[in-house]
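First comes the structure, then the notes that go with it.
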Amino acid sequence: DPADGAPPADNRTALSKFGSVAAGLGAGLAGAILLPLAGMCVGFVQVVRGCWNTPSAVYHSCAGDLVWDADAREWKEKKAYVLAEEAAQVRAEAEAEGVEVPA
Numbered sequence: 004d005p006a007d008g009a010p011p012a013d014n015r016t017a018l019s020k021f022g023s024v025a026a027g028l029g030a031g032l033a034g035a036i037l038l039p040l041a042g043m044c045v046g047f048v049q050v051v052r053g054c055w056n057t058p059s060a061v062y063h064s065c066a067g068d069l070v071w072d073a074d075a076r077e078w079k080e081k082k083a084y085v086l087a088e089e090a091a092q093v094r095a096e097a098e099a100e101g102v103e104v105p106a
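Numbering (our numbering) for the sequence shown: 4 to 106.
Next comes the structure, spelled out in structure tokens:
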């Protein structure tokens, strides 16, 4: 009787208790084997991707035609610097602020 402060009796059979222990042990072993195996597979895929993409990365870095955008995590075309475009932009900003800029 639980009212007298004694713990309730465990009415499960020994076979039922063994099944619970076996299930817990099986789940633990599966996790101990499957999680590292999954990590190894993901790591292997990342190494293969790195090996596959390295020649292209080295080529574009040396050729200077593309630059790596760390935010977007991709190669983008290198924007050509044109002095005349920047000068026009600076003049427009200066005129908007009311500053006279010689031509």
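Yeah, the Cβ is synthetic: ideal placement off N, Cα and C, and Gly gets one too.
Taking Cβ to Cβ, would you say residue i is nearer than 8 Å to residue j?
i	j	result
G67	K81	yes
F86	W78	According to the sequence shown, residue 86 is Leu rather than Phe. No, the Cβ-Cβ distance between L86 and W78 is not below 8 Å.
Which stretch, first to last residue, makes up the beta strand (DSSP E) that contains residue i?
i	result
V70	69–72
E107	An answer regarding residue 107 cannot be provided, because it is not within the stretch 4 to 106 covered by the chain.
First and last residue of the alpha helix (DSSP H) that includes residue i?
i	result
E89	86–99
By Cβ distance, which residues of its chain are closer than 7 Å to residue i, with the 5 residues on each side in sequence left out?
i	result
A35	none
H63	L69, W78
If you measure from the beta carbon of residue i to each beta carbon in chain D, is any gap under 8 Å?
i	result
A41	The chain inventory of the structure shown lacks chain D, comprising one protein chain alone.
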